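Novice: The sequence shown begins at 157 in the numbering used here and counts up one residue at a time.
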Amino acid sequence: AEGAPHSPGGCCAKCKKRVQFADALGLNLASVKHFSEAEEPQVPPAVLSRLRSFPMRTQDLEQLPGLLAAAASAAPLSAPPPRLRPLFELPGPSAAAEPCRQRVCLERVQCSAPSGAEVTGSGRVLGCPGPRAVAVRYTFTEWRSFLDEPGAERFHFSLCLPPGLQPQEGEDADEPGAAVHFAICYRCAQGEYWDNNAGANYTL
(Lines of atoms letter the chains of each structure in order from A and count residues from 1; the text may use other names and numbers.)
(Lines give C-alpha, C1' and ligand atoms only; values in the text may rest on other atoms or scores of the structure.)
Protein backbone atom coordinates (compact mmCIF):
# COMPACT_ATOMS: atom_id res chain seq x y z
CA ALA A 1 0.00 0.00 0.00
CA GLU A 2 1.23 3.43 -0.83
CA GLY A 3 1.45 6.06 1.87
CA ALA A 4 0.07 9.55 1.56
CA PRO A 5 2.19 11.75 -0.67
CA HIS A 6 4.72 13.87 1.24
CA SER A 7 4.23 17.58 0.70
CA PRO A 8 7.26 19.78 1.36
CA GLY A 9 5.40 22.36 3.41
CA GLY A 10 2.95 19.88 5.00
CA CYS A 11 3.04 19.28 8.75
CA CYS A 12 6.02 21.51 9.52
CA ALA A 13 4.37 24.55 7.98
CA LYS A 14 1.38 24.10 10.31
CA CYS A 15 3.53 23.54 13.43
CA LYS A 16 5.46 26.83 13.46
CA LYS A 17 6.44 27.91 16.96
CA ARG A 18 5.42 31.32 18.23
CA VAL A 19 6.59 33.31 21.23
CA GLN A 20 4.20 35.68 22.93
CA PHE A 21 4.91 37.90 25.90
CA ALA A 22 2.45 38.34 28.75
CA ASP A 23 2.29 42.13 28.44
CA ALA A 24 1.39 41.84 24.72
CA LEU A 25 -1.66 39.81 25.78
CA GLY A 26 -2.65 42.36 28.43
CA LEU A 27 -1.42 40.19 31.32
CA ASN A 28 0.79 41.28 34.22
CA LEU A 29 4.52 40.60 33.99
CA ALA A 30 4.75 40.05 37.74
CA SER A 31 2.42 38.88 40.47
CA VAL A 32 2.87 40.51 43.89
CA LYS A 33 1.18 39.26 47.07
CA HIS A 34 1.40 41.19 50.34
CA PHE A 35 1.19 39.37 53.68
CA SER A 36 0.44 40.83 57.08
CA GLU A 37 1.46 39.35 60.42
CA ALA A 38 -2.18 39.03 61.48
CA GLU A 39 -3.12 37.08 58.37
CA GLU A 40 -3.54 33.33 58.75
CA PRO A 41 -1.25 31.48 56.35
CA GLN A 42 -2.99 29.45 53.65
CA VAL A 43 -1.52 25.95 53.85
CA PRO A 44 -2.29 23.71 50.86
CA PRO A 45 -4.46 20.68 51.79
CA ALA A 46 -1.83 18.29 50.43
CA VAL A 47 0.71 19.65 52.94
CA LEU A 48 -1.77 19.44 55.82
CA SER A 49 -2.66 15.83 55.02
CA ARG A 50 1.03 14.94 54.95
CA LEU A 51 1.55 16.55 58.37
CA ARG A 52 -1.44 14.69 59.80
CA SER A 53 0.01 11.39 58.65
CA PHE A 54 2.93 11.94 61.10
CA PRO A 55 1.18 12.86 64.38
CA MET A 56 3.28 14.25 67.24
CA ARG A 57 3.90 12.04 70.23
CA THR A 58 2.39 13.00 73.59
CA GLN A 59 5.81 13.71 75.10
CA ASP A 60 6.60 16.08 72.19
CA LEU A 61 3.37 17.99 72.83
CA GLU A 62 4.20 18.22 76.55
CA GLN A 63 7.60 19.81 75.80
CA LEU A 64 6.20 22.32 73.30
CA PRO A 65 5.14 25.08 75.80
CA GLY A 66 8.58 25.04 77.42
CA LEU A 67 10.34 25.30 74.06
CA LEU A 68 8.11 28.21 72.99
CA ALA A 69 8.75 30.04 76.29
CA ALA A 70 12.52 29.55 75.97
CA ALA A 71 12.47 30.89 72.42
CA ALA A 72 10.44 33.95 73.47
CA SER A 73 12.76 34.82 76.37
CA ALA A 74 16.01 34.22 74.48
CA ALA A 75 18.45 37.12 74.69
CA PRO A 76 18.93 39.06 71.45
CA LEU A 77 22.02 38.18 69.49
CA SER A 78 24.89 40.52 70.28
CA ALA A 79 27.00 42.04 67.53
CA PRO A 80 30.05 39.93 66.70
CA PRO A 81 33.33 41.33 68.04
CA PRO A 82 35.77 42.83 65.55
CA ARG A 83 38.09 40.21 64.12
CA LEU A 84 40.96 42.60 63.45
CA ARG A 85 42.78 43.68 66.58
CA PRO A 86 45.98 45.65 67.16
CA LEU A 87 49.16 43.58 67.25
CA PHE A 88 50.98 46.51 68.86
CA GLU A 89 50.74 48.29 72.19
CA LEU A 90 48.18 51.07 71.94
CA PRO A 91 49.60 54.56 72.56
CA GLY A 92 49.41 55.65 76.21
CA PRO A 93 49.32 59.06 77.89
CA SER A 94 52.95 59.64 76.87
CA ALA A 95 51.82 59.81 73.23
CA ALA A 96 51.22 63.56 73.71
CA ALA A 97 55.00 64.06 73.83
CA GLU A 98 55.69 62.05 70.67
CA PRO A 99 55.11 64.82 68.09
CA CYS A 100 57.92 66.81 69.72
CA ARG A 101 60.37 64.00 68.98
CA GLN A 102 59.25 62.71 65.58
CA ARG A 103 56.73 65.48 64.65
CA VAL A 104 53.89 62.96 64.10
CA CYS A 105 52.30 60.22 66.23
CA LEU A 106 49.34 57.86 66.42
CA GLU A 107 47.01 58.56 69.36
CA ARG A 108 44.22 56.00 69.02
CA VAL A 109 43.03 53.19 66.73
CA GLN A 110 39.82 51.16 66.74
CA CYS A 111 38.53 48.29 64.58
CA SER A 112 34.82 48.04 63.88
CA ALA A 113 32.80 44.82 63.70
CA PRO A 114 32.79 42.97 60.34
CA SER A 115 29.53 44.57 59.20
CA GLY A 116 31.25 47.98 59.16
CA ALA A 117 34.65 46.62 58.12
CA GLU A 118 36.45 49.82 59.03
CA VAL A 119 39.51 50.96 60.96
CA THR A 120 39.33 54.41 62.56
CA GLY A 121 41.88 56.34 64.52
CA SER A 122 43.42 59.70 65.32
CA GLY A 123 46.85 61.23 65.64
CA ARG A 124 48.72 64.49 66.13
CA VAL A 125 51.46 66.37 64.32
CA LEU A 126 53.77 69.19 65.35
CA GLY A 127 52.88 72.34 63.42
CA CYS A 128 55.49 73.65 60.97
CA PRO A 129 55.44 76.93 59.02
CA GLY A 130 54.59 76.72 55.33
CA PRO A 131 52.63 74.09 53.38
CA ARG A 132 52.25 70.72 55.04
CA ALA A 133 50.32 67.47 54.63
CA VAL A 134 49.66 64.39 56.73
CA ALA A 135 48.44 60.98 55.56
CA VAL A 136 48.00 57.44 56.78
CA ARG A 137 49.59 54.93 54.40
CA TYR A 138 48.05 51.48 54.64
CA THR A 139 48.17 48.12 52.87
CA PHE A 140 46.33 44.79 52.76
CA THR A 141 49.00 43.13 50.58
CA GLU A 142 52.15 43.20 52.74
CA TRP A 143 53.20 46.49 51.02
CA ARG A 144 53.07 45.15 47.45
CA SER A 145 50.54 47.98 47.02
CA PHE A 146 49.26 50.68 49.35
CA LEU A 147 46.79 53.56 49.77
CA ASP A 148 47.18 57.00 51.35
CA GLU A 149 44.37 58.47 53.47
CA PRO A 150 44.83 62.25 54.01
CA GLY A 151 44.46 63.93 57.39
CA ALA A 152 44.93 67.34 59.06
CA GLU A 153 47.15 68.66 61.88
CA ARG A 154 45.02 67.04 64.55
CA PHE A 155 43.67 64.36 62.31
CA HIS A 156 41.24 61.49 62.32
CA PHE A 157 41.38 58.72 59.76
CA SER A 158 39.08 56.01 58.53
CA LEU A 159 40.41 53.08 56.49
CA CYS A 160 37.79 51.11 54.55
CA LEU A 161 38.61 47.41 54.35
CA PRO A 162 37.98 45.19 51.32
CA PRO A 163 35.21 42.58 51.80
CA GLY A 164 37.47 39.51 51.60
CA LEU A 165 39.97 40.75 54.18
CA GLN A 166 38.03 39.88 57.34
CA PRO A 167 38.24 36.21 58.40
CA GLN A 168 35.03 34.26 57.93
CA GLU A 169 33.08 32.87 60.88
CA GLY A 170 35.10 30.08 62.50
CA GLU A 171 38.41 31.04 60.85
CA ASP A 172 41.47 32.00 62.87
CA ALA A 173 42.05 35.76 62.76
CA ASP A 174 45.80 35.18 63.30
CA GLU A 175 46.26 33.33 59.99
CA PRO A 176 48.40 35.15 57.40
CA GLY A 177 46.44 37.20 54.91
CA ALA A 178 44.02 38.78 57.39
CA ALA A 179 46.22 41.75 58.29
CA VAL A 180 46.26 45.50 57.76
CA HIS A 181 49.57 47.36 58.14
CA PHE A 182 49.73 51.14 58.34
CA ALA A 183 52.04 54.06 59.12
CA ILE A 184 51.49 57.82 59.39
CA CYS A 185 53.34 60.24 57.12
CA TYR A 186 53.78 63.99 57.73
CA ARG A 187 55.25 66.23 55.03
CA CYS A 188 56.16 69.86 55.64
CA ALA A 189 58.78 72.39 54.51
CA GLN A 190 61.33 70.85 56.90
CA GLY A 191 61.02 67.34 55.40
CA GLU A 192 59.07 64.08 55.60
CA TYR A 193 58.41 62.41 58.95
CA TRP A 194 56.93 59.00 59.75
CA ASP A 195 55.32 57.34 62.73
CA ASN A 196 55.68 53.68 61.77
CA ASN A 197 55.80 52.07 65.22
CA ALA A 198 59.59 52.36 65.43
CA GLY A 199 60.03 50.72 62.01
CA ALA A 200 57.70 47.76 62.70
CA ASN A 201 54.56 49.39 61.19
CA TYR A 202 51.20 49.33 62.94
CA THR A 203 49.58 45.96 62.26
CA LEU A 204 46.00 44.83 62.81
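We treat Cβ as the ideally placed atom computed from N, Cα and C, and that holds for glycine. The structure displayed is predicted, hence computed values, not measured ones.
1. Check whether the Cβ atoms of residue 352 and residue 335 lie closer than 8 angstroms to each other.
2. In the DSSP assignment, the beta strand (DSSP E) including residue 266 goes from what residue to what residue?
3. According to DSSP, is residue 218 helix, strand or coil?
4. Assuming residue 315 contacts residue 294 under a Cβ cut-off of 8 angstroms, what Cβ separation, rounded to an integer in Å, is found between them?
5. Would you grab the beta carbon distance between residue 259 and residue 342 for me? Rounded to a whole angstrom, and I think it's under 8 angstroms.
6. Between the Cα of residue 366 and the Cα atoms of 181, 177, 283, 359, which residue gives the shortest distance?
7. For residue 176, which residues from the same chain have a beta carbon less than 8 angstroms from its beta carbon, with the 5 sequence-adjacent residues on both sides left out?
8. Residue 177 lies in the beta strand (DSSP E); which residues open and close that run?
9. Is the Cβ-Cβ distance between residue 278 and residue 311 less than 8 angstroms?
10. Does DSSP classify residue 408 as helix, strand or coil?
11. Residue range of the beta strand (DSSP E) that residue 134 falls in?
12. Pull up the distance between the alpha-carbon of residue 179 and that of residue 200, whole angstroms please.
13. Sorted by chain position, which residues of the same chain lie with C-beta nearer than 6 angstroms to residue 313's C-beta, five sequence neighbours on each side aside?
14. Relative to the alpha-carbon of residue 337, which residue among 194, 296, 189 has its alpha-carbon at the smallest distance?
15. If you drop the 5 nearest sequence neighbours on each side, which residues of the same chain put their C-beta closer than 8 angstroms to that of residue 184?
16. Drop a sphere of 10 angstroms on the beta-carbon of residue 275, count the other beta-carbons inside from all chains shown, and report buried for 16 or more, exposed for fewer.
17. Looking only at its own chain, which residues have a Cβ that is under 8 angstroms from the Cβ of residue 348, when we skip the five neighbours before and after it?
18. Please check the pair residue 288 and residue 344, which I expect to be a contact at CB under 8 angstroms, by giving their CB distance rounded to whole angstroms.
Specialist: This is what the structure gives:
1. no
2. That run of the beta strand (DSSP E) goes 260-267.
3. Of the three classes helix, strand and coil, the one that applies to residue 218 here is helix, per DSSP.
4. 5 angstroms
5. 6 angstroms
6. Since the first residue shown for the chain is 157 and the last is 360, residue 366 is missing from the structure and cannot be characterised.
7. Its chain contains no residue whose beta carbon lies nearer than 8 angstroms to that of residue 176 once the 5 sequence neighbours on both sides are disregarded.
8. Per DSSP, residue 177 belongs to no beta strand (DSSP E) and is neither H nor E.
9. Yes; because the gap between Cβ atoms is below 8 angstroms, this pair is in contact.
10. No answer is possible for residue 408: it lies beyond the span of the chain, which begins at 157 and ends at 360.
11. In this structure the chain extends from 157 to 360, so residue 134 is not present and cannot be described.
12. The alpha-carbon atoms of residue 179 and residue 200 are separated by roughly 29 angstroms.
13. Result list for residue 313: 277, 292, 305, 307, in chain order.
14. 296
15. 178
16. buried
17. 341, 342
18. About 4 angstroms; that satisfies the 8 angstroms criterion.
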